[in-house]
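*Asks:*
Residue numbers (our numbering): 49 to 124.
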């Protein structure tokens, strides 16, 4: 989940930066077909969703790294 969040974040921010110089990722060229406002909404959603997925993935990794035993697991 964390890795997917990073990819969304990179593509979202990259798309914003490339838009200002008149370019776009080939994968995301369809964004502008519905108009500029919708394109910006999709870019913003990609960045926001990327941040959310990254934070959730980071917290899951931290919880898994605490060494807590699952319920009903005998200690060795």
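The beta-carbon is built from N, C-alpha and C at its ideal position, and this holds for glycine as well.
(1) Between which two residues does the alpha helix (DSSP H) harbouring residue 105 extend?
(2) Taking just the CA atoms, how far does residue 72 sit from residue 91?
(3) Within 10 angstroms of the Cβ of residue 79, are there 16 or more other Cβ atoms? Answer buried if so, exposed if not.
(4) When burial is assigned at 16 or more other CB atoms within 10 Å of the CB, is residue 77 buried or exposed?
(5) Are the Cβ atoms of residue 97 and residue 56 separated by less than 8 Å?
*Replies:* Reading off the structure:
(1) As a position in the chain shown, residue 105 is number 57, starting the count at 1. Looking at the DSSP string, the run of the alpha helix (DSSP H) that includes residue 105 is 84-112.
(2) Taking the first residue of the chain shown as 1, we reach residue 91 at position 43. Taking the first residue of the chain shown as 1, we reach residue 72 at position 24. Their Cα atoms are separated by approximately 11 Å.
(3) The residue you call residue 79 lines up with position 31 of the chain shown. Classification of residue 79: buried, given that the 10 Å Cβ count is 16 or more.
(4) Taking the first residue of the chain shown as position 1, residue 77 is located at position 29. Exposed: under 16 other Cβ atoms inside 10 Å.
(5) In the chain shown, residue 97 corresponds to position 49, counting from 1. In the chain shown, residue 56 corresponds to position 8, counting from 1. Yes, these two residues count as a Cβ contact at 8 Å.
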